[in-house]
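In this note's numbering, the protein residues as written are 285 to 471.
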Amino acid sequence: MSREPNERVELTTERLLLRPFEIGDVGDVLAYASDPELARFLDLPQPYTSDDAEEYVAHRLLDDWSSEATFAIVWERHVIGSIALHVNAQDEVAALGYALARWMWGRGIVPEAGRAVIDWGFDAYALHKIYSRADVRNRQSWRVMEKLGMSREGVLRGYRKVRGEHVDDVCYGILREEWERAHGDSA
Ligand SMILES: CC(C)(COP(=O)(O)OP(=O)(O)OC[C@H]1O[C@@H](n2cnc3c(N)ncnc32)[C@H](O)[C@@H]1OP(=O)(O)O)[C@@H](O)C(=O)NCCC(=O)NCCS
Numbered sequence: 285m286s287r288e289p290n291e292r293v294e295l296t297t298e299r300l301l302l303r304p305f306e307i308g309d310v311g312d313v314l315a316y317a318s319d320p321e322l323a324r325f326l327d328l329p330q331p332y333t334s335d336d337a338e339e340y341v342a343h344r345l346l347d348d349w350s351s352e353a354t355f356a357i358v359w360e361r362h363v364i365g366s367i368a369l370h371v372n373a374q375d376e377v378a379a380l381g382y383a384l385a386r387w388m389w390g391r392g393i394v395p396e397a398g399r400a401v402i403d404w405g406f407d408a409y410a411l412h413k414i415y416s417r418a419d420v421r422n423r424q425s426w427r428v429m430e431k432l433g434m435s436r437e438g439v440l441r442g443y444r445k446v447r448g449e450h451v452d453d454v455c456y457g458i459l460r461e462e463w464e465r466a467h468g469d470s471a
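Laid out in structure tokens, this is it:
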């Protein structure tokens, strides 16, 4: 593997650039993340302020990419969302997380970004499995996981407490061999 463990990378897809966050992205992050509809199933501060956006981007600049790889999703030179892999190297698994500006929903953007990140992640981190979890009521997120070829593995009851409410999470996952079967040996 030629990549250094903490190296930051860029990926391109048919319509998107996926790149590490930059300090100049604060305004774009505030624009999409301050939408209460986006935050409906997420553990984001409410209301979401420019301080929150600044703190978010600052953390992304400090992330150690040997375990935390967060890509800004760039569309026509604007950041419209994020997609991340949280890697557990010991177990060779990673969690995939994502959020997209509401004005871009329904165009298959996150499935497109997710395919690129999963393809890259299996190889870059020598992973055995990539999984994702969502509030069980978040059907939009189920659909993304299904489109990525993940299997539904079950529901974790009362798994998180979000804004005072106990939330059930649904889990989806895909094994490396399943990804390779579906996408050739690119993983
Ligand atoms: C979940 C999310 C990432 C989906 O991204 P996306 O790029 O819009 O994904 P898709 O275009 O494949 O759409 C997924 C589903 O969303 C639903 N959807 C599409 N447009 C929608 C809209 N304007 N409003 C509500 N739901 C919509 C559809 O059910 C669609 O499935 P379908 O293609 O089978 O009809 C995005 O909705 C989002 O960022 N939501 C808020 C943050 C979040 O919940 N993140 C996931 C946390 S686990």
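Backbone N, C-alpha and C define an ideal beta-carbon position, used for all residues, glycine too.
Check	Outcome
Residue 379 versus residue 352: straight-line alpha-carbon distance, rounded	10 Å
Bounding residues of the beta strand (DSSP E) (the contiguous stretch that carries residue 446)	435-446
Between the CA atoms of residue 429 and residue 455 - distance to the nearest angstrom	9 Å
Euclidean distance between Cα positions of residue 452 and residue 416	14 Å
contact_flag[the segment 303-311, the segment 337-357] where n(CB pairs < 8 Å) is 3 or more	yes
Complete runs of the alpha helix (DSSP H) confined to the segment 296-365 [at least 4 residues]	310-317 and 334-346
DSSP state of residue 377 mapped onto helix, strand, coil	strand
Nearest to residue 297 (by Cα), restricted to the options 359, 346 and 313	359
Residue 395 beta carbon near ligand 1 (any heavy atom closer than 8 Å)	yes
Cβ-heavy atom distance, residue 290 to ligand 2, below 8 Å	By its list of ligands, the structure shown excludes ligand 2, since it contains just ligand 1.
Candidates 450, 287 and 316: closest to residue 363 by CA position	316
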